[in-house]
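Student: Residue numbers (our numbering): 1240 to 1575. Even for Gly, the Cβ is constructed at its ideal location relative to N, Cα and C. Predicted, not measured: the structure shown is a model, and the values here were computed from it. If you scroll down you'll find the structure; I have some questions about it.
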Amino acid sequence: MMAFPGPQVHSRAKSCAIAVLAVLLIAGCASGSGKSKPGEAARILRDQRITRAQLEEASNAFADRYFSLMLAASERIIRGNNDLQQCRIMNGLRLLGVSSMYDIATSPDTVTQLVDQLVVVTLQNYFWVDTGRAQTIWGPRAQYLVENLRRAREDVWTIAARVFTDEQLEELDLSIATWWSRRGGTEFVAYVRFSEVASVKGEALVETIRDGGGLLEPLDRATEQVQLANLALDRAFFWSKRLPLFMNWQAEALWYDMLVMPDTQRLLASVDVMSQSIAIVPERMKMVNATVAGAQDTARDLVDRIFHRVLVVLIVVLVGTFVIMKWRVSRKEAAS
């Protein structure tokens, strides 16, 4: 006779079936929720994109930020510094850097603005910071410049991260580093542009960004000329407002150049010698007066001594004469 499972076995099997069904349902829900909806990736990418107007604003803001950083660093180095060469080099560095940065900010293409700013600031860090050249020239004062150039590099690469993907940023960094290893070493890195640094691949990368291949919103070709014309007016106004900020640095550069000329140095040395000579005239006059006063005292003492001695001699002579005359008179009286 066949034995049938008891009620406990049936209930246990039923519980296992329910548990398996629950696990399958949960797994199905989880896998379903992991799938993105159609168009979700495109929407996320669209939300991350930056417009050309936003990039233009960021580029202008960075130019002003760079000006502030260079102004603060240069003032800390120049103020109270008696080394003419140190002041001259620092003034030239800030003049070239700031004028270049504003020149870039007013260039006609927003993507070119960004990559040019990226190149200039990165190369300046290579030349002045990474090589230790700033410390060699300015000593402890160089720390202000080193810190501010590093801040500028962090700021401009942060802006670039809003336009380029991580892979594109690595490609840009490699292009700049490769150019520096082959042609670097000049202090005039402020006027090096991306067109000089980039290879054909780098130029193609920028064109890809212009066409929307990165995080920059592509430009509508139909309205491109109108937008460029509007930006040109804004850039001209931007430049006209910033130009007076550093015009006095140009005058200072001319002044420093004149001061370091050999003829000027000789003239300054002559003036310094004359100034020192004029400064010691009162001391010399005091010495002469003291010498004259001492001579007068000595002469007075000598005259007094001579007078006293002559007076004594005269008294002796007079007394002797009186004694002799009296003796002669007494002899005459005795003879008579």
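Shortest alpha-carbon distance to Asn1402 belongs to which of Val1354, Ala1475 and Met1486?
Tutor: The question names Asn, but residue 1402 is Val in the sequence shown. When only C-alpha atoms are compared, the closest one is Val1354.
Student: Check whether the Cβ atoms of Val1358 and Leu1455 sit closer than 9 Å, and answer yes or no.
Tutor: Contact flag unset, no.
Student: Determine the DSSP secondary structure at Leu1454, reduced to helix, strand or coil.
Tutor: In this structure, Leu1454 counts as coil in the three-state DSSP scheme.
Student: Would you give the residue range spanned by the alpha helix (DSSP H) that Ile1415 belongs to?
Tutor: Here the alpha helix (DSSP H) through Ile1415 covers Asp1405 to Arg1422.
Student: With the cut-off set at 9 Å, would you say Trp1488 and Tyr1341 are in Cβ contact?
Tutor: Their beta carbons are not under 9 Å apart, which means Trp1488 does not touch Tyr1341 by this criterion.
Student: Please classify Thr1560: is it buried, with 16 or more other beta-carbons within 10 angstroms of its beta-carbon, or exposed?
Tutor: The residue is exposed, with fewer than 16 neighbouring Cβ atoms inside 10 Å.
Student: With a threshold of 6 Å on Cβ separation, who are the neighbours of Ala1429 within its own chain once the five nearest residues in sequence on each side are excluded?
Tutor: If we look at Ala1429 and ignore the five residues flanking it on each side, its Cβ neighbours are Leu1335, Gly1336, Ser1339 and Val1359.
Student: Could you tell me the distance, in whole angstroms, from the CA atom of Gln1324 to the CA atom of Glu1295?
Tutor: Their Cα atoms are separated by approximately 37 Å.
Student: For Leu1493, does the count of other Cβ atoms within 10 angstroms reach 16, so buried, or fall short, so exposed?
Tutor: Result: exposed.
Student: Are the Cβ atoms of Trp1419 and Leu1408 separated by less than 9 Å?
Tutor: No, they are not a contact pair.
Student: Check for me: the alpha helix (DSSP H) holding Trp1396 runs from which residue to which?
Tutor: Per DSSP, Trp1396 belongs to the alpha helix (DSSP H) from Ala1381 to Ala1399.
Student: What's the C-alpha gap between Lys1525 and Asp1540?
Tutor: If I take the Cα positions, the gap works out to 22 Å.
Student: Please identify the residue among Lys1480, Met1564, Gln1374 and Arg1548 whose C-alpha is closest to the C-alpha of Ala1344.
Tutor: The candidate whose alpha carbon is nearest that of Ala1344 is Lys1480.
Student: For Leu1444, which option in Val1431, Glu1406, Arg1422 and Glu1426 has the closest C-alpha, if you only look at C-alpha atoms?
Tutor: The shortest Cα separation from Leu1444 among Val1431, Glu1406, Arg1422 and Glu1426 belongs to Glu1406.
Student: Which residues bound the alpha helix (DSSP H) around Ala1429?
Tutor: Element bounds for Ala1429: n/a, residue is neither H nor E.
Student: Expressed to the nearest angstrom, what Euclidean distance is found between the alpha-carbon atoms of Arg1285 and Ala1297?
Tutor: For Arg1285, the pLDDT reaches just 47, beneath the cut-off of 50, and the residue's location in the model is therefore unreliable, although a value from the coordinates is still provided. Taking the straight line from one Cα to the other gives about 19 Å.
Student: Roughly how many angstroms lie between the CA atoms of Thr1370 and Asn1321, to the nearest whole one?
Tutor: Between Thr1370 and Asn1321, the C-alpha separation is close to 25 Å.
Student: Are the Cβ atoms of Trp1367 and Ile1316 separated by less than 9 Å?
Tutor: No; because the gap between Cβ atoms is not below 9 Å, this pair is not in contact.
Student: Label Leu1411 either buried or exposed according to how many other C-beta atoms from any shown protein chain fall within 10 Å of its C-beta, with 16 as the threshold for buried.
Tutor: Buried, by the Cβ-count rule.
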